[in-house]
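Residue numbers (the numbering used here): 4 to 401. What follows is one structure encoded as structure tokens, with my remarks underneath.
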Amino acid sequence: MTALEQAAEREQRLLMRTYARQPLTVESGRGVWVRDASGQELIDLVGGLAVNVLGHAHPAVHRALAEQSQRLVHTSNLYYTSEQLDLAELLIGTAFPSRVFLCNSGAEANETAIKIARKWGRVHKQGATSIVCADNAFHGRTTGALAATGTERYREPFEPLARGFIRVPFNDLDAIASAVDGATCAVMLEPIQGESGVHPLDRGFLGALRHLCDEREVLLILDEVQTGMGRTGAWWAHQHDGVAPDVMTIAKGLAGGVPIGAVLAAPRADVLEPGDHGSTFGGGPLASAVASAVIRTIEEEHLVERAAAAGDHIAESVQDMASQGAPVDEVRGRGLMLGIGLRLPVAREVAAAALEHGVIVNAVGDRTVRLLPPLIITHDEVDEAMRRLGNAFASVAS
Ligand SMILES: Cc1ncc(COP(=O)(O)O)c(C=O)c1O
């Protein structure tokens with residue numbers, strides 16, 4: 004039995020069947036490279052689904068983990084720790100004037116944002132509770148976040164879910180304007196929808212939405228769980244539009260692979276009081292210290308700017324593949340959050356062929372190949388990854 008067959012057999016016996024895994028057993032990683040159980044070296048353009056912003060085994064992550072775990076791993080939120088406070092200060096410095104709540108995942112961050120919106124509606128808008136969100140949105144798998152999620156297939160088996168979520172088409176300001184009424188406390192969106200296949204909000208949309216939210220007195224919640232941490236070529240995707248949300252949720256790359264989530268609330272939305280919310284592990288010293296190290300490293304290594312440049316380089320290379328016959332329709336997204344839209348429903352075949360050719364990409368549905376590489380990817384690594392992806396396209400087309 005190969006290592007892959009053994010892993011598949013053990014999974015069958017041991018794990019709930021929640022994941023459809025790719026035929027790959029990852030043994031180790033360094034930078035943008037991972038090694039599988041057979042010793043093959045692959046370039047990882049998925050980066051743990053937008054988590055490994057510093058790639059694999061980055062010395063800054065290793066050092067923070069080692070140093071912090073020697074001093075203090077956990078204390079609970081009954082006490083102060085400097086690690087949590089340092090992280091909050093760094094985060095606010097990258098974003099907008101706000102206060103921070105730290106948690107453990109994207110779904111948990113969105114649950115927190117939903118509670119903030121509902122409490123805000125109770126305090127400031129005569130008990131308004133409804134939240135306008137988008138078709139095809141993805142906000143997480145917990146029951147509140149799932150209620151805000153657009154994909155019927157994810158929600159339906161678990162109903163009844165929380166009430167009060169109104170869905171409108173993505174990128175449709177008129178639909179939001181029609182849906183917002185006296186009972187609405189918030190509009191909740193991703194600046195670029197990731198799980199639906201990398202679909203960005205139109206340029207200028209967020210500015211107009213910010214105006215609408217102010218005029219109609221509702222909170223603007225942005226889910227930057229996937230778009231954040233510099234990935235799109237700005238610390239936070241909304242910064243491209245020069246506007247700020249009232250509430251922003253973060254997770255994924257925040258601690259470079261150590262589980263963490265966060266919510267930032269502007270003064271207007273800062274309504275939670277003692278007893279309203281909490282988390283045993285949230286903002287623990289270990290995850291907080293690593294997250295601070297990740298933020299400092301992104302700044303020191305200019306990774307926000309590098310993400311923008313590497314993303315342009317990838318997009319141009321994919322366009323070249325298209326002109327040489329790859330079945331590529333368009334490249335969507337920004338920076339290092341890219342969706343290659345295909346002319347044919349072969350995304351899964353391309354992802355499987357890519358593995359054979361030593362590059363990891365992610366198929367979303369039949370027609371999108373998603374790329375979420377580590378922000379540290381170099382020019383030469385992009386060239387090598389694109390050469391491999393080009394070969395994968397060629398093998399599927401032939
Ligand atoms: C935009 C967005 N929000 C929320 C989540 C959920 O995050 P988590 O899996 O950490 O709960 C995801 C995960 O893919 C996401 O992409």
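Beta carbons are placed, not taken as given, at the ideal position from N, Cα and C, and that holds for glycine.
Taking the alpha carbon of residue i as the point to measure from, which residue in the options has its own alpha carbon closest?
i      : options                        : result
Asp323 : Gly393, Val307, Leu341         : Gly393
Val367 : Ala350, Ile379, Leu378, Leu27  : Ala350
Val54  : Ser85, Ala254, Glu14, Ser398   : Ala254
Val49  : Val362, Thr371, Arg390         : Val362
His61  : Val399, Ile317, Gly260         : Gly260
Ser31  : Leu90, His280, Glu44, Glu198   : Glu44
Ala91  : Ala400, Gly287, Ile317         : Gly287
Ala40  : Gly34, Gln15, Val56, Glu8      : Glu8
Val266 : Gln25, Ile95, Ile317, His305   : Ile95
Arg206 : Asp175, Glu276, His316, Ala355 : Asp175
Gly3   : Thr146, Val353, Pro262, Asp332 : Lying outside 4 to 401, the shown extent of the chain, residue 3 is not represented and no answer is given.
Leu341 : Ile317, Trp239, Trp238, Leu27  : Ile317
Ala272 : Leu212, Gly264, Asp249, Pro262 : Asp249
Arg125 : Val274, Pro26, Asp369, Thr300  : Val274
Trp123 : Asn139, Arg158, Val190, Cys106 : Val190
Arg156 : Asn107, Asp138, Gly167, Phe173 : Asp138
Note down the Cα distance separating residue i from residue j, rounded to an integer number of angstroms.
i      : j      : result
Met251 : Thr5   : 45 Å
Val103 : Ala395 : 44 Å
Thr132 : Gly328 : 51 Å
Val246 : Val76  : 37 Å
Glu302 : Gly231 : 14 Å
Ala63  : Ser79  : 25 Å
Ala325 : Pro376 : 20 Å
Leu374 : Val364 : 6 Å
Pro163 : Phe141 : 18 Å
Leu88  : Arg346 : 49 Å
Arg309 : Ser282 : 35 Å
Arg144 : Ile380 : 30 Å
Gly58  : Ile224 : 29 Å
Ala148 : His241 : 21 Å
Leu81  : Leu358 : 47 Å
Thr235 : Gln196 : 12 Å
Gly278 : Glu114 : 16 Å
Pro194 : Ala10  : 37 Å
Glu319 : Val385 : 11 Å
His360 : Pro330 : 18 Å
Gly314 : Gln229 : 15 Å
Ile169 : Ala388 : 41 Å
Val307 : Gly233 : 5 Å
Leu93  : Ile298 : 7 Å
Leu3   : His382 : Outside the shown range of the chain, which is 4 to 401, sits residue 3, and nothing can be said about it.
Gly34  : Ala269 : 35 Å
Thr258 : Ala290 : It is Ala, not Thr, that sits at residue 258 in the sequence shown. Cα to Cα, Ala258 sits roughly 6 Å from Ala290.
Glu227 : Glu352 : 30 Å
Asp244 : Phe208 : 8 Å
Glu354 : Phe284 : As written in the sequence, residue 354 is Ala, which differs from the Glu given in the question. If you take the alpha carbons of Ala354 and Phe284, they lie about 36 Å apart.
Ala237 : Ile46  : 24 Å
Arg121 : Arg13  : 44 Å
Thr371 : Ser85  : 43 Å
Ala151 : Leu215 : 20 Å
Ala211 : Trp239 : 18 Å
Gly15  : Val29  : Sequence inspection shows Gln at residue 15; the Gly mentioned does not correspond to that position. Approximately 18 Å between the Cα atoms of the pair.
Pro262 : Val56  : 13 Å
Which one or two residues does DSSP pair with residue i in a beta bridge?
i      : result
Phe168 : Ile134
Ser31  : Arg38
Ile419 : A question about residue 419 goes unanswered here, because the residues of the chain that appear run from 4 up to 401.
Asp226 : Thr252
Cys106 : Gly264
Glu12  : In DSSP, Glu12 forms no bridge with anything.
Ile363 : Asp47
Glu333 : Gly344
Ala189 : Ile134, Leu222
Leu374 : Leu341
Gly259 : Val261
His59  : Gly34
Report task. Could you tell me whether the stretch 277–294 touches the stretch 65–83, where touching means 3 or more Cβ pairs closer than 8 Å? Result -> Here the stretch 277–294 lies against the stretch 65–83, with 3 or more beta-carbon pairs under 8 Å apart.
**Report entry** the stretch 211–220 / the stretch 6–20 touching (three or more Cβ pairs under 8 Å)
**Finding:** In this structure the stretch 211–220 does not lie against the stretch 6–20, because fewer than three pairs of beta carbons, one per stretch, are closer than 8 Å.
Query raised in the report: Are the stretch 200–207 and the stretch 328–346 in contact at 8 Å, needing three or more beta carbon pairs?
Result: Touching, per the Cβ criterion.
Query raised in the report: How about the stretch 129–145 and the stretch 184–197: do they share at least three Cβ pairs that are nearer than 8 Å?
Result: Yes: the two stretches touch, three or more of their Cβ pairs being nearer than 8 Å.
Query raised in the report: Are the stretch 108–124 and the stretch 84–100 touching by the rule of at least three beta carbon pairs closer than 8 Å?
Result: Result no; under three Cβ-Cβ pairs closer than 8 Å.
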